[in-house]
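Q: Residue numbers for the sequence shown, in the numbering used here: 2 to 467.
Pasting in a structure now, in structure tokens, and then I'll have a few things to ask.
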Amino acid sequence: MPELARIRGWVEERLPGLLAEHRVPALSLAVAAGDETYEYATGVLSTTTGVTADTDSVFQIGSVTKVLTATLAMQLVEEGTLDLDVPVRDVLPTFRVTDAAASEAITVRHLLTHTSGFEGDVFVDTGAGDDCLERYVEVLADTPQLFAPGEMFSYNNAGFSTLGRIIEVLRGEPYERVLRRRLLDPLGLRHASVDADEAILHRAAVGHLDSSEGALEPTAVWSMERSGAPAGSRLAMTARDLLAFGRMHLAGGAAGEGAHVLSEESVSLMRAEQVRLPDIHQGTGWGLGWELFERPGATVVGHDGSTIGQSARLRLLPSEGVAIAILANGGETHAVFAEIIDRMLFELAGLPPEPPLAPTGPAPQDATRFLGRYESSTAITTVSRTDDGRVWLDREPRGVVAELGDQPFRTELLGWHEDVLLPVEAEGGIRQPVAFLGDDGTGRASHLHTGRADRRIAAGETGWEA
Numbered sequence: 002m003p004e005l006a007r008i009r010g011w012v013e014e015r016l017p018g019l020l021a022e023h024r025v026p027a028l029s030l031a032v033a034a035g036d037e038t039y040e041y042a043t044g045v046l047s048t049t050t051g052v053t054a055d056t057d058s059v060f061q062i063g064s065v066t067k068v069l070t071a072t073l074a075m076q077l078v079e080e081g082t083l084d085l086d087v088p089v090r091d092v093l094p095t096f097r098v099t100d101a102a103a104s105e106a107i108t109v110r111h112l113l114t115h116t117s118g119f120e121g122d123v124f125v126d127t128g129a130g131d132d133c134l135e136r137y138v139e140v141l142a143d144t145p146q147l148f149a150p151g152e153m154f155s156y157n158n159a160g161f162s163t164l165g166r167i168i169e170v171l172r173g174e175p176y177e178r179v180l181r182r183r184l185l186d187p188l189g190l191r192h193a194s195v196d197a198d199e200a201i202l203h204r205a206a207v208g209h210l211d212s213s214e215g216a217l218e219p220t221a222v223w224s225m226e227r228s229g230a231p232a233g234s235r236l237a238m239t240a241r242d243l244l245a246f247g248r249m250h251l252a253g254g255a256a257g258e259g260a261h262v263l264s265e266e267s268v269s270l271m272r273a274e275q276v277r278l279p280d281i282h283q284g285t286g287w288g289l290g291w292e293l294f295e296r297p298g299a300t301v302v303g304h305d306g307s308t309i310g311q312s313a314r315l316r317l318l319p320s321e322g323v324a325i326a327i328l329a330n331g332g333e334t335h336a337v338f339a340e341i342i343d344r345m346l347f348e349l350a351g352l353p354p355e356p357p358l359a360p361t362g363p364a365p366q367d368a369t370r371f372l373g374r375y376e377s378s379t380a381i382t383t384v385s386r387t388d389d390g391r392v393w394l395d396r397e398p399r400g401v402v403a404e405l406g407d408q409p410f411r412t413e414l415l416g417w418h419e420d421v422l423l424p425v426e427a428e429g430g431i432r433q434p435v436a437f438l439g440d441d442g443t444g445r446a447s448h449l450h451t452g453r454a455d456r457r458i459a460a461g462e463t464g465w466e467a
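Structure (structure tokens):
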């Protein structure tokens, strides 16, 4: 296929310099166009050991795991064992968060679409035993409700760990065993590793993070807690394996030789828009597990992933039979992934690249609606205005992300789209728009939204973790 030949030439010429520019130690890429495949890997898996990456190297795929978890859930829906619109409590009677009404109302669909409304970044280690998800769901009893179920989208890791527990209960065996038996093995994913014990049998990438001095260093911890596995805390695989999963969805759930892991109807339903996202440049909508990206004349589906110093991106263009899987182990991967995907989609489908983000001017003169403090379990964010009228965002990490090395972030905010402001400074190679949603009853925004909805802290409040 001539398009893949052009891709090969561009990749081999452009990627070494691109990775050096953005300090990415290693990258693995797999691209499919119809029945044709192109694979590429370069760099070192650890700057300490100097072991080189190849196309058999495994990287953690982070939150891309959520689409696999959603696929396992949809298998249960197909069998009639699970209903998307029943309350979670119908399957997990002890499930609850701090809001009693929300505890009764949250459904399986809410979990799959990140619209349940409870705090989603609950990174609690409940042990390495097979009861870890059961114990994790019990921990959620202390989790605050940020908004009513179904009111808005807010990315929720805890919701997918809850889905993992639902899968365990209905299958009668641990999540990882279900994942292996129902998905990894039927797809022939030979390098897929559910934990470090399996990953060490392959050439495994180590994540890299910036130190307080700004130097990129290998992480001291390879993966996060087992209770986060259904959300993406530890699954690792090659780009080739991730591509095979994507191809299954392109093929209407076919796993080869006439076998199906999912029906065409379920595949189609998973990528049908369930909720519209705020205008924050993170896709336009969300399906059942899949993120949706509207481009001129086409809809791209996919998911991003990041864990301790490792990143992943999966994109599918169903109308053209195109799949792109990219894995990396540190550095400013957002910029690298975006350039690769734009180039692949242009070469294989003629889709124009996304235009760069550009402010429309300074922040609104009356910024009262935006000013204040907002909280999540991972950060306290303060939006303030200086005497010269400029608006600033200061984010102080807390909890597990602070322990893992996240650094404070400060940037000026400029105007972009109505109640969405654009940061001047890039973070991790990306300028993430900041939306201000809702009303606290005084005309001020009730939530700051960057993919997750952080709620406003009223004057005198110290935050739910204090």
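Ideal placement from N, C-alpha and C gives every residue a C-beta, glycine not left out.
Just tell me which of H209, A193, G208 has its CA closest to the CA of L202.
A: Ranking the options by Cα distance to L202, first place goes to A193.
Q: Throw me the rounded Cβ distance for the G118 and P150 pair, which I believe falls under 8 Å.
A: Yes, they are in contact, since the Cβ atoms of G118 and P150 sit about 5 Å apart, within 8 Å.
Q: Tell me whether the segment 102-122 and the segment 373-383 touch, counting them as touching only if at least three CB pairs, one residue from each stretch, are closer than 8 Å.
A: The segment 102-122 vs the segment 373-383: in contact.
Q: Assuming contact is defined by CB atoms lying nearer than 7 Å, are L349 and E4 in contact in what I supplied?
A: Going by C-beta atoms, L349 is nearer than 7 Å to E4.
Q: Have a look at R391 and R204 and give me their C-alpha separation to the nearest angstrom.
A: Spanning the two alpha carbons is a distance of roughly 49 Å.
Q: Is it true that the segment 7-18 meets the segment 306-320, where meeting means three or more beta-carbon pairs spaced less than 8 Å apart?
A: Contact fails: fewer than three Cβ-Cβ distances are below 8 Å.
Q: Mark E333 as exposed unless 16 or more other C-beta atoms lie within 10 angstroms of its C-beta, in which case mark it buried.
A: Answer is buried; the Cβ neighbour count reaches 16.
Q: Take the Cβ of D455 as the centre, count every other Cβ of all protein chains shown within 10 Å, and call the residue buried at 16 or more, exposed below.
A: With 16 or more Cβ atoms within 10 Å of its Cβ, D455 is classed as buried.
Q: Any idea which residues DSSP pairs L217 with across the strands?
A: For L217, which the question treats as bridged, DSSP gives the partners D211.
Q: Should the segment 405-425 be called in touch with the segment 273-283, which here means at least 3 C-beta pairs below 8 Å?
A: These segments touch.
Q: By how many angstroms is the C-alpha of R399 removed from the C-alpha of A467?
A: The predicted position of A467 is uncertain, since its pLDDT is 41 and thus under 50; a value taken from the coordinates is nonetheless stated next. The straight-line gap from Cα to Cα measures roughly 11 Å.
Q: Would you call the segment 173-181 and the segment 291-307 in contact, with 3 or more CB pairs under 8 Å?
A: Because the criterion of three Cβ pairs below 8 Å is not met, the segment 173-181 and the segment 291-307 do not touch.
Q: Roughly how many angstroms separate the alpha carbons of H111 and T443, rounded to a whole number?
A: Going from the Cα of H111 to the Cα of T443 covers about 29 Å.
Q: Using the Cα positions of D196 and H209, report the straight-line distance between them to the nearest angstrom.
A: For D196 and H209, the distance between alpha carbons rounds to 18 Å.
Q: For P231, which three-state DSSP category applies?
A: The answer is helix: DSSP assigns P231 an H, G or I state.
Q: With the cut-off set at 7 Å, would you say L173 and L134 are in Cβ contact?
A: The sequence shown places Gly at residue 173, not Leu. No, Cβ-Cβ distance for G173 and L134 is not below 7 Å.
Q: Is it buried or exposed for S155, if we count other Cβ within 10 angstroms and need 16 for buried?
A: So S155 counts as buried.
Q: State buried or exposed for S312, treating a residue as buried only when at least 16 other CB atoms are found within 10 Å of its CB.
A: Classification of S312: buried, given that the 10 Å Cβ count is 16 or more.
Q: Among G259, I107, D440, L113, which has the Cα closest to the Cα of A74?
A: Answer by Cα proximity: L113.
Q: Let's see if you can read the secondary structure: which residues bound the alpha helix (DSSP H) around D242?
A: From DSSP, the alpha helix (DSSP H) with D242 extends over 240-251.
Q: Report the three-state DSSP secondary structure of E419 (helix, strand or coil).
A: Three-state DSSP puts E419 in coil, outside helix and strand.
Q: Secondary structure at A467, three-state DSSP: helix, strand or coil?
A: Annotation note: pLDDT 41 at A467 (below 50); position unreliable, coordinate value reported separately. Coil.
Q: Take T260 as the anchor and find which of S267, V337, M249 has the nearest alpha-carbon.
A: In the sequence under discussion, the amino acid at residue 260 is Ala, which differs from the Thr named in the question. It is M249.
Q: Looking only at its chain, what residues have a beta carbon closer than 6 Å to the beta carbon of I167, apart from the 5 residues adjacent to it on each side?
A: Within the same chain, I167 has close Cβ partners V92.
Q: Classify R15 as helix, strand or coil using the three-state DSSP reduction.
A: Three-state DSSP puts R15 in a helix.
Q: Going along the chain, which residues of its own chain have a beta-carbon closer than 7 Å to the beta-carbon of L185, five neighbours each way excluded?
A: Excluding positions up to five away in sequence, the list reads A193.
Q: Keeping to the same chain, check which residues put their C-beta closer than 8 Å to that of L171; ignore five residues upstream and five downstream.
A: Excluding residues within five positions, the ones whose Cβ falls inside 8 Å are L77, T82, L83, V92.
Q: State the Cα-Cα distance for the pair G310 and T95, rounded to the nearest angstrom.
A: Going from the Cα of G310 to the Cα of T95 covers about 35 Å.
Q: By the three-class DSSP mapping on this structure, what secondary structure does R191 have?
A: Coil.
Q: How big is the Cα-Cα spacing for S224 and T308?
A: Roughly 7 Å separates the two Cα atoms.
Q: Can you give the Cα-Cα distance for R7 and Y39, rounded to whole angstroms?
A: Using only the alpha carbons, I get a separation of about 11 Å.
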